[in-house]
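> I have a structure I would like to understand better, so I am pasting it below and will then ask my questions one at a time.
Protein chains: 2
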Amino acid sequence: MKLLIQNAYIVTADEKNTVIPDGSLLAEDGVIVRVGEHFEAEADKMLDAGGMTLMPGLINAHTHIGMTLMRGAADDVELHHWLNDHIFPIEDRLDTEVVYASSLLGMCEMIAGGVTTFADMYFFSEGTIRAAQEIGMRADIGRCIVGDGEEGQKRIDETVELFRRYQSDRIHVRLAPHAIYSCPAETLKKCVSVSGKLGTGLHIHLDETKKEHEDCLREHGVTPTAYLHSLGCLSRQTLLAHGVWLTEEDADVIAETGAAAAHCPTSNLKLASGIAPVRMLREKGVTVALGSDGVASNNRQSLFRDMTLAALLQKGVCLDATALNARETIRMATADGARALGRDDIGVLAPGRKADMILVDQSGIHQQPINDRISNLVYATENTDVAVTIIDGRIVFEKGEYRTVDAERVLAQAETARDRIIGGA
Amino acid sequence: MKLLIQNAYIVTADEKNTVIPDGSLLAEDGVIVRVGEHFEAEADKMLDAGGMTLMPGLINAHTHIGMTLMRGAADDVELHHWLNDHIFPIEDRLDTEVVYASSLLGMCEMIAGGVTTFADMYFFSEGTIRAAQEIGMRADIGRCIVGDGEEGQKRIDETVELFRRYQSDRIHVRLAPHAIYSCPAETLKKCVSVSGKLGTGLHIHLDETKKEHEDCLREHGVTPTAYLHSLGCLSRQTLLAHGVWLTEEDADVIAETGAAAAHCPTSNLKLASGIAPVRMLREKGVTVALGSDGVASNNRQSLFRDMTLAALLQKGVCLDATALNARETIRMATADGARALGRDDIGVLAPGRKADMILVDQSGIHQQPINDRISNLVYATENTDVAVTIIDGRIVFEKGEYRTVDAERVLAQAETARDRIIGGA
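These protein sequences, in sequence, are chains R and S.
If you number the first sequence the way our numbering does, the last residue is 425 and the count never jumps.
If you number the second sequence the way our numbering does, the last residue is 850 and the count never jumps.
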């Protein structure tokens with residue numbers, strides 16, 4: 001199956017930030033075989049981009065997509081109260097069916113906003129995997145691991161089972177210990193050992209709050225990063241979510257080990273965790289990807305929004321308008337996201353990479369006049385400007401229509417599931 | 426002319442944050458005459474909201490709409506460089522026709538995003554006034570005043586002329602001295618005197634950057650606010666844009682005088698000015714409205730975006746998730762905006778107020794499930810969810826269509842004007 005896209009303004013997101021103003025792209029069986037200035041080629045399907053922008057699909061490097069039903073269910077409340085009085089009681093009522101319905105709803109939102117890959121950490125992950133397979137999204141799945149002894153072991157075993165059953169080109173499974181404060185050293189070390197045996201990675205929340213940072217200093221005498229490093233948890237295959245309170249020394253350690261960070265700017269503000277030192281991390285050589293986190297702390301699954309916020313926020317806190325520019329921000333949401341997920345087959349529009357890509361219509365009045373397309377992508381684009389979303393060479397979303405799932409059914413089953421776990425609005 | 430809207434979820438934005446889940450609203454000759462639970466009434470036009478949310482039109486309390494053509498023309502650069510090498514050279518080429526074309530483009534974006542009123546400060550204001558009259562927007566216009574002696578006087582005279590010619594129900598004209606560093610004391614005092622005679626207000630940039638704050642301390646021995654107060658510039662009719670570096674003492678002074686602040690979160694981050702202490706200001710009793718600032722530092726004219734950012738940002742910098750909640754944020758963009766502009770005839774859906782209002786379609790997949798409509802308005806709404814925009818009881822935007830202007834012509838004349846002042850993209 002050959003797909004040819006023509007008349008596109010191609011933003012490759014490669015290391016030189018190459019753009020091709022009148023570009024063509026040819027993909028065969030889901031893999032890009034040629035990208036360049038306008039060319040002709042035989043194909044089974046032709047897509048005239050009509051001047052729209054073609055760029056890599058966005059990579060959401062940290063979310064809990066099974067939480068999507070909790071959108072707006074507990075806003076503007078203090079973290080402890082948020083978790084104990086709102087989130088945990090709702091999560092007690094989850095099961096695989098609910099997580100499936102919730103995940104599928106969140107995935108509809110993601111593909112409509114140009115996200116083609118996401119890294120997830122949550123419960124009842126089979127529900128999320130089933131939804132990803134159905135809608136055709138690329139996913140990095142971590143069954144959330146908490147607790148010690150048998151409890152921790154049980155969840156590790158479940159992860160191994162998920163890996164055996166689902167690890168594939170489109171679905172990656174990794175070990176996902178929740179955090180240093182919810183997993184004892186014994187469980188964390190087991191996760192490292194098992195991930196090594198499976199040849200997969202780790203995904204963990206790290207240094208999200210000041211409390212986590214200070215508690216770790218008090219209990220272990222070192223920062224959360226140093227503690228994690230002492231347990232062997234940091235490697236090129238480790239994905240660290242948040243990193244709000246990382247120090248320069250932490251950044252050096254992370255850069256040396258090759259671990260990556262997933263910056264979640266909206267969530268970190270919404271839960272009053274703070275603002276991650278993204279510029280510092282990047283300057284130290286840390287790969288920094290971009291994540292939405294779950295809707296309960298966002299309340300969207302929109303990488304376009306998170307790109308805008310990430311770029312603005314670094315300028316504001318560094319008091320430097322050059323702290324993070326539009327081109328760097330796009331790479332965070334694409335190429336750097338791919339690297340953070342340990343994948344060299346997505347994130348850039350180049351031959352040999354998967355045909356995960358989106359067409360963005362920049363003709364809306366809110367983007368006019370176009371003085372700089374790349375700036376507009378980061379600072380002026382609406383999610384609704386995403387016209388076409390393609391994963392593995394297959395169109396999954398086009399002009400407001402879902403091609404792989406029935407949106408009516410998704411909404412109906414989400415409503416039913418919501419009523420079960422949350423009740424009257 | 427009577428307009429009846431039925432089957433609406435009405436968010437009144439009154440002091441009690443009253444909502445009416447199945448509400449009706451009746452307006453006569455552009456003024457709201459009745460709001461309440463479902464009722465029937467005779468009307469010339471009926472609008473079935475079909476469950477959509479009806480709320481006051483948003484009030485953009487600080488912008489430079491004549492800059493809209495500069496969207497993305499100078500992003501990610503340092504402030505001094507931004508002004509001197511990018512913005513000022515472009516502004517040298519402005520004239521009334523260019524500002525008209527630029528303003529009309531920006532107003533199209535605003536009404537499509539639910540903004541019905543804006544406070545402007547810029548040059549060639551007749552172009553902006555003409556555009557506002559054409560599209561039917563409510564505007565508070567300030568011809569930007571800079572310089573001393575004859576130069577300052579000339580601009581004040583021009584403002585008086587604008588006032589005489591255009592002051593009306595829909596167009597307000599006020600004195601707009603640019604800032605304390607661009608207007609000597611003599612000019613500022615003249616502005617106070619003239620505004621007093623006309624019975625209109627002042628609109629001025631204040632304490633936007635650390636440099637402005639520190640320079641003022643060095644030159645005048647007091648903060649910018651205290652300096653402005655010493656010149657008699659602060660009153661119930663004064664609108665202070667930015668206020669990023671205000672101290673608690675400044676806030677006390679502002680609250681006592683009844684002046685209002687326009688918080689511009691996106692712009693303050695983008696230009697690396699910092700983050701205004703909105704919670705502190707509100708706690709001190711200062712009216713805080715919301716502004717987009719010009720596109721060159723935003724890059725949108727979207728109050729929905731600025732609401733999201735304002736609410737998130739205060740949580741993040743205060744490290745308190747309750748710092749600014751969704752309901753307070755909506756009032757900033759509506760009722761508090763009206764008060765900041767010295768108007769008690771807009772900003773709330775209540776009898777006697779102007780029928781400036783919007784219908785927001787919250788049925789999109791990105792808003793599901795709806796656990797809290799108000800939260801969704803602040804944290805999950807896209808500009809494209811705005812289905813209908815009504816000003817003075819007249820529909821100016823409906824389902825993606827502009828009712829008072831021809832969008833094709835707006836775009837064409839914007840493109841021509843852009844080519845003249847900016848050149849090849």
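Note that beta-carbon positions come from the ideal geometry of N, C-alpha and C, so glycine has one too.
#1: Hey, could you find the ends of the alpha helix (DSSP H) Gln413 of chain R is sitting in?
#2: Roughly how many whole angstroms lie between the Cα atoms of Val410 of chain R and Met55 of chain R?
#3: Can you tell me which of the three DSSP states Phe822 of chain S falls into?
#4: Return helix, strand or coil for Asn432 of chain S, following the three-state DSSP convention.
#5: Can you list, in chain order, the residues of the region 506-519 of chain S whose Cβ is nearer than 9 Å to any Cβ on chain R?
#6: For chain R, find out if any of its Cβ atoms is closer than 7 Å to the Cβ of Arg843 of chain S; answer yes or no.
#7: If we define contact as Cβ-Cβ less than 7 Å, is Arg834 of chain S a contact residue for chain R?
#8: Taking Ser193 of chain R and Leu202 of chain R to be in contact with their CB atoms under 8 Å, please state how far apart those CB atoms are, rounded to whole angstroms.
#9: Quick check on Ala176 of chain R: does DSSP put it in helix, strand or coil?
#10: Which runs of the alpha helix (DSSP H) spanning at least 4 residues fall entirely within the region 705-786 of chain S, listed in chain order?
#11: Pick out whichever of R:Arg353, R:Ala13, R:Asp76, R:Phe124 has its Cα sitting closest to the Cα of Leu271 of chain R.
#12: Among S:Val711, S:Val540, S:Asn750, whose alpha-carbon lies nearest the alpha-carbon of Ile783 of chain S?
#13: Please return the same chain residues whose Cβ sits closer than 6 Å to the Cβ of Thr159 of chain R, not counting the five positions on each side in sequence.
#14: Val35 of chain R and Leu25 of chain R - do their beta-carbons sit closer together than 7 Å?
#15: In the DSSP output, which residue or residues are listed as bridge partners for Glu462 of chain S?
#16: Which of the residues in the region 357-379 of chain R, read from start to end, lie with their CB under 7 Å from any CB of chain S?
#17: What are the start and end residues of each continuous alpha helix (DSSP H) run of 4 or more residues lying completely inside the region 64-129 of chain R, in chain order?
#18: Would you grab the beta carbon distance between Asp120 of chain R and Ala139 of chain R for me? Rounded to a whole angstrom, and I think it's under 8 Å.
#19: Residue range of the beta strand (DSSP E) that Gly567 of chain S falls in?
#20: For Asp439 of chain S, which of S:Arg764, S:His603, S:Arg580 has the nearest alpha-carbon?
#21: Does any CB atom of chain R fall closer than 7 Å to the CB of Asn724 of chain S?
#22: Would you say Asn485 of chain S faces chain R, with C-beta separation under 7 Å as the test?
#23: Once you ignore the five residues that flank Ile795 of chain S on each side, which residues in its own chain have a CB closer than 7 Å to its CB?
#24: Please classify Gly699 of chain S as buried or exposed, where buried requires at least 16 other C-beta atoms within 10 Å of its C-beta.
#25: On the DSSP bridge assignment, give the partners of Met55 of chain R in chain order.
#26: Considering His263 of chain R, what are the terminal residues of the beta strand (DSSP E) in which it resides?
#27: Might you give, ordered along the chain, the residues of its own chain that have their beta carbon closer than 8 Å to the beta carbon of Arg282 of chain R, omitting 5 neighbours on each side?
#28: State yes or no: is the beta carbon of Ile275 of chain R nearer than 7 Å to at least one beta carbon in chain S?
#29: Go through its chain and collect everything with a Cβ distance to Ala101 of chain R's Cβ below 6 Å, but skip five positions before and after it.
#30: When you compare each of R:Lys354, R:Gln133, R:Met110, R:Glu151 to Lys2 of chain R by their alpha carbons, which one comes out closest?
#31: CA-CA distance, Asp48 of chain R and Glu382 of chain R?
#32: For Ile395 of chain R and Arg93 of chain R, what's the separation of their Cα atoms in angstroms?
#33: Look at the Cβ atom of Val173 of chain R, then the Cβ atom of Gly127 of chain R, and state whether they are nearer than 7 Å.
#34: Can you give the Cα-Cα distance for Ala850 of chain S and Ile156 of chain R, rounded to whole angstroms?
#35: Of the choices S:Ile430, S:Asn442, S:Ile490, whose alpha-carbon is the least far from that of Ala468 of chain S?
#36: Given this structure, state the Cα-to-Cα distance separating Leu206 of chain R from Thr96 of chain R, to the nearest angstrom.
On the basis of the coordinates in this document:
#1: Where Gln413 of chain R is concerned, the enclosing alpha helix (DSSP H) stretches over 407-421.
#2: 27 Å
#3: In this structure, Phe822 of chain S counts as strand in the three-state DSSP scheme.
#4: strand
#5: His506, Trp507
#6: yes
#7: no
#8: Not quite, the Cβ-Cβ distance comes to about 11 Å (not below 8 Å), so this is no contact.
#9: If DSSP states are grouped into helix, strand and coil, Ala176 of chain R belongs with the strands.
#10: 728-743, 751-757, 760-765
#11: Comparing Cα-Cα distances from Leu271 of chain R to each of R:Arg353, R:Ala13, R:Asp76, R:Phe124, the minimum goes to R:Asp76.
#12: S:Val540
#13: Arg143, Leu175
#14: Taking 7 Å as the Cβ cut-off, Leu25 of chain R and Val35 of chain R qualify as a contacting pair.
#15: Answer by DSSP bridge pairing, in chain order: S:Gly448.
#16: Within the region 357-379 of chain R, the residues whose Cβ lies closer than 7 Å to some Cβ of chain S are Ile365, His366, Gln368, Pro369, Ile370, Asn371, Asp372, Ser375, Asn376, Tyr379, listed in chain order.
#17: 88-91, 96-112
#18: Right, their Cβ atoms sit about 6 Å apart.
#19: That run of the beta strand (DSSP E) goes 563-570.
#20: S:Arg764
#21: Answer yes: the Cβ-Cβ gap between Asn724 of chain S and chain R drops below 7 Å somewhere.
#22: no
#23: Around Ile795 of chain S: Gln787, Asn801.
#24: buried
#25: R:Ile358
#26: Unbroken beta strand (DSSP E) run through His263 of chain R: 260-263.
#27: Val288, Leu324, Glu328
#28: yes
#29: Setting aside the 5 residues that flank it on each side, Ala101 of chain R is surrounded in the same chain by Gln413, Ala414, Ala417, each with a C-beta closer than 6 Å to its C-beta; the list follows chain order.
#30: R:Lys354
#31: In a straight line, the C-alpha of Asp48 of chain R is about 22 Å away from that of Glu382 of chain R.
#32: Put simply, the backbone Cα of Ile395 of chain R is about 35 Å away from that of Arg93 of chain R.
#33: no
#34: The pLDDT assigned to Ala850 of chain S is 47, lower than 50, so where the model puts this residue is not dependable, and the model offers no usable value.
#35: S:Ile430
#36: 27 Å
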